[in-house]
Structure formats: C-alpha cells, structure tokens
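Numbering (my numbering), first residue to last: -6 to 229.
Just so it is clear, CB atoms sit at the ideal spot from N, CA and C, and this is done for glycine as well.
A quick note: this is a predicted structure, and the numbers were derived from the prediction, not measured.
Reading through the structure tokens given below for one structure.
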Amino acid sequence: MRAILLAAGMGTRLRPITYETPKSLIQINGKPLIERQIEFLNEIDINEIIVVTGYLNEKFNYLKQKYNVKLVYNDKYNIYNNIYTMYLVREYLPNSYVIDADTYLSRNFLEKKLANSTYFAGKKKVDSEEWMLIFDENNKVNDIKISSGEGYIMSGVSYWSNKDGEYLIKKIEEALVKSEDWHNLYWDNIVKNNIKNLDVYIKKIDGSDWYEIDSLDDLNKLKLALRSEVESRGVR
C-alpha cells in the first residue's frame, strides 16, 4: 500500500497567505497540513508516499530528506485541473491512498488494511456545492452528486484497490486523449462517470474528522473549531 498526495494547486482563495506558501504547507498548530498527513500515513506503516507538486514546488524539497517522499512536479499546474496531476502519477494508483494535501485531518482515521476501494466521508450540511456520496444498505457507492444540503461529503481521502486502480488508469488516459476540456476536468470526474463499473464503498467518519481548506473563510473556521475544542477540554 502506498499514498499519493495532491499538492499542486495555487490556492488563490487563500491569498495573501499563499503568495509565498503553498496551501498544503500552511501550518496548523505549528505543523504543515501535508506533514500531518505524512505522519498519519507513517503511523499505519505506509512509507511509499508520492507528493505531486506544482505551484511553488521548490518549497516541498525539504520533505524528501525529512520523510523520504518522492516528489513529482506538474509543470501545468496553472493550466489544468487535477486530472493532469493524476495522469502524471497514474502508475501508482493501484493499491494506493489518494489524499488532497490541503485537507486538515483532525484524527488519524486512515486504515492499514482495506479490502475494497473506499471513500472516507462524513455527514455534513453545506451551503455550497460539494461532492456527496450516494450508497446502498451495504455501503456500496452507486452514485456521486455535486450538491448543497445535507449528506455524506467526500473528505478528500480515498483508497483504490488494484483492480479499480488499473481500471481508472485506462479511463484517465482515455479522458486525456478524448476530452477537449482538461481545464475544467477533475480526476474525481473520472470516478463519478465510471462509478457503476467500480467496487467502491463508503467508510463513515465524523463530520469533524476533517476540514477542507480552500479559502480564508475555511481556514478561520478551522482555527475557531480547534480553539473551541481546546477551551472545552479546559472546562472539563
């Protein structure tokens, strides 16, 4: 088992912070987001970690020595969405975690052994459009919708089995040959469009187990949540 961390984005909605710091290197409680993810992966004995960089890629170089990760540079980070990022590391997809590196994990919910492809998702009520999982009584995912409201939201953490990973490699390659809209295509669209042919299950986690940090508002909400948690512990 290995892990792919997607860290190529520019984080424009987090400016001015991201003028000099990639969003996955933003520090929360003194530790960059991506380092927290790497350490959680190491805790479950995943040491083969591929970090895909783009914007301010030189800022990630220290991770090679500190954690022995492999860095892959996406030189088209400012042109295409993350479909091209995944294309560059598609060979690593089978038997691998895929994690959005701008996600803060409140606790280590990663699992050492997974029998099937898995989306980690928690129930949240959201005002903006998010990627929601639709699943049956056996927790098998049969659809993904992009919607606001209440539902099980993708956390940015998934695992892909050997079989599904190989299938998705072919579909990613096909998409980049056939599609004329790479600029607006996410790698998650490939999964969404082929979900009926995949064997994917939801692993339910708590809604507070992760925080996606896409904007300054997201960052402020996270800091407020962490502050409230510390204060509640002090009351006890």
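Between which two residues does the beta strand (DSSP E) carrying THR46 extend? 42 to 46
By DSSP, does ALA94 sit in helix, in strand, or in coil? Three-state result, ALA94: coil.
CB contact below 9 angstroms: TYR204 versus chain B: Given the protein chain composition of this structure (a single chain), no chain B is represented.
What are the start and end residues of the beta strand (DSSP E) that includes VAL82? Run containing VAL82: none; DSSP gives neither H nor E here.
Pairwise C-alpha distance: ASP207 and ASN71: 16 angstroms
So the candidates are ASN35, LEU169 and LYS189; which of them puts its Cα closest to the Cα of ASP129? LYS189
Determine the direct distance from the alpha carbon of LEU64 to that of ILE139, and round the result to whole angstroms. 31 angstroms
Inter-residue spacing [alpha-carbon to alpha-carbon] between VAL45 and MET3: 13 angstroms
Provide the residue(s) that pair with GLN20 in DSSP beta bridges, ordered along the chain. PRO25
Given that a residue counts as buried once 16 or more other Cβ atoms are within 10 Å of its Cβ, and exposed if not, what is ARG8? exposed
Can you tell me the Cα-Cα spacing of ALA168 and TYR77, whole angstroms? 10 angstroms
Less than 6 angstroms between C-beta atoms, sequence neighbours within five positions excluded: which residues of the same chain meet that for MET(-6)? ILE39 and ASN88
Can you tell me which of GLU41, GLU51 and ASN22 puts its alpha carbon nearest to the alpha carbon of PRO15? GLU51
Within a Cβ cutoff of 8 angstroms, which residues of the same chain sit near ILE162, ignoring the five residues on either side of it in sequence? ARG83, GLU84, LEU86 and PRO87
Segment contact flag, the stretch 197 to 204 with the stretch 109 to 119, C-beta cutoff 8 angstroms, min 3 pairs: yes
List the residues that DSSP assigns as beta-bridge partners of SER110. DSSP lists VAL193 as partners of SER110.
Could you tell me which uninterrupted beta strand (DSSP E) segments, each at least 3 residues in length, are contained entirely in the stretch 130 to 159, listed from first to last along the chain? 134 to 153
Rounded straight-line distance, which links the Cα of GLU159 to that of ASP95: 26 angstroms
Please state whether the Cβ-Cβ distance between ASP120 and MET147 is less than 9 angstroms. no
Unbroken beta strand (DSSP E) run spanning LEU64, endpoints: Note, LEU64: beta strand (DSSP E), 63 to 66.
For SER89, three-class secondary structure by DSSP: strand
May I ask which residues mark the beginning and end of the beta strand (DSSP E) holding ILE(-3)? Where ILE(-3) is concerned, the enclosing beta strand (DSSP E) stretches over -5 to 0.
Does DSSP put ASP207 in a helix, in a strand, or in coil? coil
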